[in-house]
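Below: one structure, written as structure tokens.
Number of protein chains: 2
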Amino acid sequence: MSDTEQLPAWCPGDGWCSITATASLVGKKWHPVIIHRLLHHGPLGFNALQEEVDGISSKVLSESLDDLEEKRVVSRTIVSEKPVRVEYALTELGESLEPVVTALAEWGEQHLEPVDEEAASVV
Amino acid sequence: MSDTEQLPAWCPGDGWCSITATASLVGKKWHPVIIHRLLHHGPLGFNALQEEVDGISSKVLSESLDDLEEKRVVSRTIVSEKPVRVEYALTELGESLEPVVTALAEWGEQHLEPVDEEAASVV
DNA sequence: ATAGCCAGTTACGTTACCGTAAGCGGGTCA
DNA sequence: TGACCCGCTTACGGTAACGTAACTGGCTAT
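Here the protein sequences come in this chain order: Z and R.
Here the numbering used here is used: the first residue of the first sequence is 1, the next is one more, and so on.
Here the numbering used here is used: the first residue of the second sequence is 124, the next is one more, and so on.
Right, here's the structure in full:
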């Protein structure tokens with residue numbers, strides 16, 4: 001590490017930061033899980049997705065989907081069959097997040113699973 | 124995608140989720156940036172780190188470092204020279220986050236930079 | 001003694017995010 | 001017609017995260 005080290009441009013000093021920007025997309029509690037489920041289960045309806053995510057409320061799921069749709073990560077397709085169906089799927093942009101979500105998942109797998117937060121130090 | 128598809132175990136239905144767990148570490152606004160700076164600039168003092176991160180306040184930096192220290196991601200070393208110095212560095216666990224932070228950074232680089240949020244749709 | 005750097009802390013306020021509970025409009029099925 | 005599924009929305013509340021501003025305390029250099 002010398003003094004004149006050039007940073008890879010993705011850490012500028014002028015406001016924008018690719019890390020923060022990406023984190024604001026994937027850093028919400030449910031966002032990465034939703035994306036992961038969509039990656040591995042193809043298009044899903046609202047209720048199916050809710051069951052898939054396990055723990056999320058309809059309200060939060062709805063909000064998250066709105067957010068992700070606005071950010072062009074998921075697409076909402078109304079399938080006009082008799083019972084009005086809706087299908088949520090990843091856009092290309094959303095699918096491109098696969099490495100990111102995978103990185104999150106694998107790191108958690110490898111470094112976080114043997115969690116002993118309460119058994120660790122205090123008391 | 125068949126029906127009996129086995130998920131890689133890192134997306135259980137029973138509460139714990141490696142993705143969410145990791146996101147709770149790296150998903151905060153400043154956490155990944157701090158880690159990134161520490162990855163690329165070696166150990167830094169408080170003020171040096173604050174200047175490096177650019178935009179963070181001393182309070183938030185302090186809080187973030189407390190959090191990251193508690194989670195064994197960064198270490199705080201008091202270098203007891205005459206002017207009391209402190210050095211923040213990554214632990215092994217912290218360094219292992221490199222792929223995750225890199226994934227965030229690179230995705231942002233490749234998919235988010237040409238941002239035209241305001242120029243896009245409305246008005 | 002005054003000024004300045006380093007490493008924070010405290011007080012205070014705002015916004016974002018998450019969660020519960022309930023309800024609603026439309027359709028299907030019996 | 002009533003019971004039930006689907007796809008949400010609304011109302012309400014709490015906590016956590018973030019932000020600003022000011023201030024502290026130890027040490028140093030002048």
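Virtual Cβ for every residue (Gly too), placed ideally from N, Cα, C.
Delimiting residues of the beta strand (DSSP E) encompassing residue 87 of chain Z:
Translated into the one-based positions of the first sequence, residue 87 of chain Z becomes position 87. Unbroken beta strand (DSSP E) run through residue 87 of chain Z: 85 to 90.
Classify residue 101 of chain Z: buried if its beta carbon has 16 or more other beta carbons within 10 angstroms, exposed otherwise.
Taking the first sequence and counting its residues from 1, one reaches residue 101 of chain Z at position 101. When all chains shown are included, residue 101 of chain Z counts as buried.
When DSSP builds the beta bridges, which residues end up paired with residue 78 of chain Z?
One-based indexing of the first sequence puts residue 78 of chain Z at position 78. Residue 78 of chain Z pairs with Z:86.
Return helix, strand or coil for residue 220 of chain R, following the three-state DSSP convention.
In the second sequence, the residue the question calls residue 220 of chain R occupies position 97. Three-state result, residue 220 of chain R: coil.
Test item: CB-CB of residue 176 of chain R and residue 160 of chain R under 8 Å
Within the second sequence, numbered from 1, the residue matching residue 176 of chain R stands at position 53. Within the second sequence, numbered from 1, the residue matching residue 160 of chain R stands at position 37. Cβ atoms of residue 176 of chain R and residue 160 of chain R: closer than 8 Å.
Looking at the C-beta of residue 112 of chain Z, does it have a partner C-beta in chain R at a distance below 8 Å?
The residue given as residue 112 of chain Z occupies position 112 in the first sequence. For residue 112 of chain Z, the answer is yes, since a Cβ of chain R falls inside 8 Å of its Cβ.
Per DSSP, cross-strand counterpart(s) of residue 44 of chain Z
Here residue 44 of chain Z refers to the residue found at position 44 of the first sequence. Its beta-bridge partners are Z:88.
Which of the three DSSP states is assigned to residue 57 of chain Z in this structure?
For the purposes of this step, residue 57 of chain Z is taken as the residue at position 57 of the first sequence. Reduced to three states, the DSSP call for residue 57 of chain Z is coil.
Rounded separation between residue 46 of chain Z and residue 35 of chain Z - CA only
Here residue 46 of chain Z refers to the residue found at position 46 of the first sequence. Here residue 35 of chain Z refers to the residue found at position 35 of the first sequence. Rounded to whole angstroms, residue 46 of chain Z to residue 35 of chain Z spans 14 Å at the Cα level.
Which whole-angstrom value describes the C-beta separation of residue 22 of chain Z and residue 230 of chain R, a residue pair presumed to lie in contact below a C-beta threshold of 8 Å?
Counted from its first residue, the first sequence places residue 22 of chain Z at position 22. Counted from its first residue, the second sequence places residue 230 of chain R at position 107. Yes, they are in contact, since the Cβ atoms of residue 22 of chain Z and residue 230 of chain R sit about 5 Å apart, within 8 Å.
Using CA atoms only, rank isn't needed, just tell me which of Z:44, Z:111 and Z:82 is closest to residue 89 of chain Z.
Your numbering for residue 89 of chain Z matches position 89 in the first sequence. Of the candidates Z:44, Z:111 and Z:82, the one whose C-alpha sits nearest the C-alpha of residue 89 of chain Z is Z:44.
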